[in-house]
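Here's the structure, in structure tokens; my notes come after.
Number of protein chains: 2
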Amino acid sequence: MPASRARGSLLAIGGHEERRGEMRILEHFVQRCGGGAARLVVLSTASPTPQERSAEYETAFRELGAGHVSAFHQTRRAEAADPGLLRALERADGAFLTGGNQLKLVTLLGGTIAEAKLRQCHHAGLHLAGTSAGASALSAVMIARGRARSSARLSSVRMTPGLGILPRIIVDQHFRERDRFGRLLAAVLCNPSMLGLGLDEDTAFELGADDRIRVIGSGTLTVVDGTEIEATSLGTIPEDAPAAFAGMRLHVLTEGWGYDLASGAVERPAVEVQRPAALV
Amino acid sequence: MPASRARGSLLAIGGHEERRGEMRILEHFVQRCGGGAARLVVLSTASPTPQERSAEYETAFRELGAGHVSAFHQTRRAEAADPGLLRALERADGAFLTGGNQLKLVTLLGGTIAEAKLRQCHHAGLHLAGTSAGASALSAVMIARGRARSSARLSSVRMTPGLGILPRIIVDQHFRERDRFGRLLAAVLCNPSMLGLGLDEDTAFELGADDRIRVIGSGTLTVVDGTEIEATSLGTIPEDAPAAFAGMRLHVLTEGWGYDLASGAVERPAVEVQRPAALV
């Protein structure tokens, strides 16, 4: 764990980030954690094939020059008390939550010693990354499941308690690819104090200790801010009916753009990035 | 607002508390807020008939001797910026959230100035009470809707982001009367770090600044503690299938019993209360 007492950074990835070749997002994470000196822990709890998934990331992080990588493939709650895992988390510079099924991840990890350790180490400086299910699970209220290609209907999104590392943010992933805008809108309408962040594949946002997020990758980050909505019908209509609302603020950000969580201000990059980006 | 800088107490009520006659639970709230000196604010945002509901509580609190009662019946988000409401909250000793529809309450109040003020005043000493929908909405992850008489199925409970005043607790109400045990179990299984608290009608728990809760009223409080479960199938089975699990801790408490949120210990009353209680 870094000597710094500040909270570690958080990297939420929309899934399908490059795991061979350039690997811009994973490389960013390795560099953030110290490059050649980085000690990383991979947690493949969410995955239906945890062993294969751990091995894939172990290989990728080694190729990117990480100094030390250990992989844990938890399949039972009791394994979250494994002293080897707890020790590895204490010493790590970064922890990485793989994709899979976020409800599997939280039912296996929620309320365990390893979860408490992860939170505690993150507050003391551990950098934390999650992709796909691992990104969704970072929210306090997470999207567990939902419908694609839907209007904003209450029935289009199933939320459950997440790991709570991102308290007033709801993360969605595979966002443009699986047409999940409706369900993220519905999630924010349920309580307009929540900020909705939808990540495309091969796209990430990094949240620093300064409460600012910055976008990395080839796709977009969709920001849904409901704090100024004037009205919504969602609370009083049938679950399957599309909800009406007025006054939602919407931003779509690409690599280099940022967002200040405290003020709600969008931050343009100092130098415009010259890549073909935006799918939206 | 009291001079004290400690967080105010929280009173969550399972609905249908007496509003005429003895009114033990409402009387407890008035006394907690200072009795004859108490300044109370009633918020009937959740109610489908906000004006009638506000008037009912105004009458009850006056009968119980509260010094000053003001009632607000919010029907639009913009009304949450009403300077009269904000000033009343600042001066109040207690605020009371009525029943109705918790999703209506949160879609109208979430992310508004009044919500921020409520949270801020509560942290500075404002006592807060909510009944039925007003109790559910106190959770960070609230049960918005669900099925009665169900096994613990993911599909039996719809959770959405609540007001977040009770961060790691999920409150359910009308608990025994509407047979809601299955849906509360499902909510806790989704993330075993959550504590499930099911309140019968005319029953309340009060949470003090010492993180202890105490039961008041004629029914029971059901406590569902998942932190020691060994396994659950909920994360990997179809939404409509009943979930299996092993090792849930369960307590059912009646008037005078308590529970320490930090240690998870049940606290027996100093003197056993002599009332016919427990419906379970």
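Protein chains in written order, with numbering that gives the first Met the number 0: chain P, 0 to 279; chain V, 0 to 279. No residue lacks a Cβ here, since even glycine has one placed at the ideal position from N, Cα and C.
Residue-level contact to chain V via CB, residue i, 8 Å cutoff
i, result
"residue 105 (chain P)", "yes"
"residue 262 (chain P)", "no"
"residue 22 (chain P)", "no"
"residue 0 (chain P)", "Note that residue 0 (chain P) scores a pLDDT of 47, beneath 50, so its modelled location is shaky and nothing firm can be said."
"residue 42 (chain P)", "no"
"residue 76 (chain P)", "yes"
"residue 228 (chain P)", "yes"
"residue 117 (chain P)", "no"
"residue 192 (chain P)", "yes"
"residue 219 (chain P)", "no"
"residue 266 (chain P)", "no"
Cβ neighbour criterion (16 or more within 10 Å) applied to residue i
i, result
"residue 19 (chain V)", "exposed"
"residue 27 (chain P)", "buried"
"residue 262 (chain V)", "exposed"
"residue 21 (chain V)", "exposed"
"residue 35 (chain V)", "exposed"
"residue 191 (chain V)", "buried"
"residue 37 (chain V)", "buried"
"residue 270 (chain P)", "exposed"
"residue 82 (chain V)", "exposed"
"residue 224 (chain V)", "buried"
"residue 45 (chain V)", "buried"
"residue 193 (chain V)", "buried"
Short CB-CB distance (under 8 Å) between residue i and chain P
i, result
"residue 189 (chain V)", "yes"
"residue 247 (chain V)", "no"
"residue 140 (chain V)", "yes"
"residue 102 (chain V)", "yes"
"residue 113 (chain V)", "no"
"residue 82 (chain V)", "no"
"residue 240 (chain V)", "no"
"residue 235 (chain V)", "yes"
"residue 151 (chain V)", "no"
"residue 202 (chain V)", "no"
"residue 159 (chain V)", "yes"
"residue 130 (chain V)", "no"
"residue 11 (chain V)", "no"
Residue span of the beta strand (DSSP E) that contains residue i, given as start and end
i, result
"residue 211 (chain V)", "211–216"
"residue 202 (chain V)", "202–206"
"residue 106 (chain P)", "Where residue 106 (chain P) is concerned, there is no enclosing beta strand (DSSP E), although the alpha helix (DSSP H) it sits in stretches over 101–108."
"residue 11 (chain P)", "9–12"
Extent of the continuous alpha helix (DSSP H) to which residue i belongs
i, result
"residue 59 (chain V)", "49–62"
"residue 84 (chain P)", "82–90"
"residue 31 (chain V)", "23–31"
"residue 185 (chain V)", "180–189"
"residue 133 (chain V)", "132–135"
"residue 248 (chain P)", "Where residue 248 (chain P) is concerned, there is no enclosing alpha helix (DSSP H), although the beta strand (DSSP E) it sits in stretches over 248–252."
Candidates the options, of which the one nearest residue i by Cα
i, options, result
"residue 84 (chain P)", "P:66, P:194, P:43, P:153", "P:43"
"residue 196 (chain V)", "V:180, V:243, V:210", "V:180"
"residue 230 (chain V)", "P:171, P:79, P:60", "P:79"
"residue 130 (chain P)", "P:243, P:12, P:268, P:164", "P:12"
"residue 41 (chain P)", "P:214, P:213, P:92, P:34", "P:92"
"residue 64 (chain V)", "V:222, V:31, V:257, V:52", "V:31"
"residue 174 (chain V)", "V:165, V:184, V:97, V:167", "V:184"
"residue 133 (chain V)", "V:123, V:68, V:108", "V:108"
"residue 162 (chain V)", "V:182, V:260, V:121", "V:121"
"residue 251 (chain P)", "P:204, P:227, P:23, P:269", "P:204"
"residue 240 (chain P)", "P:200, P:149, P:77", "P:149"
"residue 98 (chain V)", "V:87, V:166, V:135, V:54", "V:135"
"residue 236 (chain P)", "P:188, P:255, P:52", "P:188"
"residue 51 (chain P)", "P:67, P:39, P:73", "P:73"
Residue i vs residue j beta-carbon contact at 8 Å
i, j, result
"residue 140 (chain V)", "residue 112 (chain V)", "no"
"residue 234 (chain P)", "residue 127 (chain P)", "no"
"residue 71 (chain P)", "residue 29 (chain P)", "no"
"residue 245 (chain P)", "residue 152 (chain P)", "no"
"residue 9 (chain V)", "residue 164 (chain V)", "yes"
"residue 216 (chain V)", "residue 24 (chain V)", "yes"
"residue 94 (chain V)", "residue 125 (chain V)", "yes"
"residue 158 (chain P)", "residue 186 (chain P)", "yes"
"residue 15 (chain P)", "residue 200 (chain P)", "yes"
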